[in-house]
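What follows is one structure encoded as structure tokens, with my remarks underneath.
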Ligand code: SF4
């Protein structure tokens, strides 16, 4: 039997993991150290701690979300990763804001698969007061009153409290608004609006009482420090759901030739997010199938607690049935039927640190 001492990287990981399990947090230099881990033994160690943090704070429940593209293409913004920007020639579909039927059909399909939430996603800069806001609120009311799924939406930048309040009154529960990347890196992929406008939007949404779904996209050419800063910013703004997208380069976009991130780097990033955001829903969204390949099911060991299912806005995902089978095979429960986020406030007592330490020693012996 081999013995391993609790010193070096292994010991430091155990120290940080135990602190997070006990309800504490890690600071920037500690988070940055996690992102810089390179050796596969250290990354596996990190994943096992992230898995325990997920289990402790989220149990074995996996939250499933899906989206419907409520207005597609011809977007005025120049996000370099996006097929829907009017700045890029991608051949992506274009249509105006949808009628009630496609939304109801998407809600029924989501409900059939046990999906908790359906987000209406619109490819435009943002939403102002006026007839379009009335139409959007109408769709949200129909979705919310249908009672089949939680009504979510991702409708871009908001410039006034009145708009956020209207959305809340219409029955919206959660608003998706990614920070996308770090404040430093943001202008490298978008110059038609600013990181600060995104933060300001989130302020209006929170004041309206909406839950916040905000994360980002990795693989744009950002550094590990940028990913670390993104996760810390998401902690600071109090995101409830944190989607992590992985670039799936689309032909015709400025990032079409970006090299893919190695799967272990992706898993490590998810695990680091779990350390920084222990109680949040960490949701793996676009790009998971193509980038992770055979390692896809390891996202849960890396700390993910939610999954975007169904097809994404402009790229295809594996089938919902296949995702559900993956969860079943892992012994994870997709039946996350709560329509609120109370599990981010109430947490069971952690097991005593000494007991956990013994368990880890047994595992590595
Ligand atoms: S990411 Fe959103 S805002 Fe940016 S181009 Fe695409 S649809 Fe427009």
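In this note's numbering, the protein residues as written are 264 to 628.
Where is the CB? At the ideal position from N, CA and C, for every residue including glycine.
Check, Outcome
"C-alpha distance - residue 501 paired with residue 372, whole-angstrom precision", "31 Å"
"Those runs of the beta strand (DSSP E) which lie wholly inside the segment 291-325 and span at least 3 residues", "none"
"Runs of beta strand (DSSP E) wholly within the segment 413-500 (minimum 3 residues, chain order)", "413-417, 437-439, 474-476, 479-481"
"Residue 345 versus residue 513 - alpha carbon distance", "8 Å"
"Residues bridged to residue 557 (per DSSP)", "Answer by DSSP bridge pairing: none, since residue 557 is not bridged."
"Exposure of residue 520, with buried meaning 16 or more beta-carbon neighbours within 10 Å", "exposed"
"The segment 410-424 / the segment 299-318 touching (three or more Cβ pairs under 8 Å)", "no"
"Any 3 or more C-beta pairs closer than 8 Å across the segment 487-502 and the segment 529-541", "yes"
"Buried versus exposed call for residue 439 [16 or more other C-beta atoms within 10 Å across all chains shown]", "buried"
"Of the residues 476, 477, 523, the one placed nearest residue 485, counting alpha carbons only", "523"
"Residue(s) in a DSSP beta bridge with residue 334", "385"
"Residue interval of the alpha helix (DSSP H) (run including residue 281)", "271-284"
"The ligand SF4 site residues, beta-carbon cut 5 Å against heavy atoms", "338, 340, 342, 345, 347, 348, 386"
"Three-pair Cβ contact test at 8 Å for the segment 454-461 versus the segment 395-413", "no"
"Alpha-carbon to alpha-carbon, residue 510 and residue 288", "29 Å"
"Per-residue DSSP class, three states only, for residue 627", "Low confidence applies to residue 627: its pLDDT is 34, below 50, so where it sits in the model is not reliable, and the reading given next is rough at best. Residue 627 falls in the helix class under three-state DSSP."
"Proximity of residue 315 and residue 280 at Cβ, strictly below 8 Å", "yes"
"Cβ neighbours of residue 586 in the same chain (closer than 7 Å, five flanking residues each side left out)", "570, 572"
"Separation of residue 583 from residue 616, as counted between CA atoms", "Interpretation of residue 616 is limited by its pLDDT of 41, a score under 50 that renders its predicted location unreliable; the figure taken from the coordinates is listed afterwards. Between residue 616 and residue 583, the C-alpha separation is close to 38 Å."
"Rounded Cβ spacing between residue 455 and residue 341 (contact assumed at less than 8 Å)", "5 Å"
"Environment of residue 499 [buried if 16+ CB atoms lie within 10 Å]", "exposed"
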